[in-house]
Amino acid sequence: VLNPASGIFVAAAGAALLPWTRKVFVVLSDRPGVPPADEDTAFAAFLSGTKYIDPDIKVLSVKINTQAPPGSAVKRRAVQMEVRNILDIAPVVYLDLADPR
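Residues 10 to 110 in our numbering are what the sequence shown lists, from first letter to last.
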């Protein structure tokens, strides 16, 4: 059984194997209390997996800050809008969500 960081590493490495023309990946989180990117273990695992395969891919961390409760329509709409915006620049978005429904 993989720990979560190992699974995230493998997912990122797998995505990096594909020949993307836009070499930008994004980790999108809406979890409250997520540490800054340089202290976030999920982001570090994703970054490491990506860079292990292709060091030229840029990996960005995006945090959604809203007071809407997890699972609410407002929260879902905020996430959907942000994903739509991100897909304009990045072909791969890793969703690290408080309520993945």
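Positions of the beta carbon are idealized from the N, C-alpha and C atoms, including for glycine. As the structure is a computational prediction, the values presented were derived from the model and not from experiment.
| message | Measuring straight from C-alpha to C-alpha, what distance separates residue 79 and residue 41? | response | Each residue's Cα considered, the two are about 10 Å apart.
| request: Quick one: grab the DSSP three-state call for residue 43. | output: coil
| request: Run through the segment 28 to 105 for me and flag every whole beta strand (DSSP E) of 3 or more residues, listed as ranges in chain order. | output: 33 to 38, 67 to 72, 101 to 105
| 6 Å Cβ shell around residue 46 - same chain, five flanking residues per side excluded | 52, 70
| message | Would residue 67 and residue 33 qualify as a contact pair, given that the criterion is a beta-carbon distance under 8 Å? | response | yes
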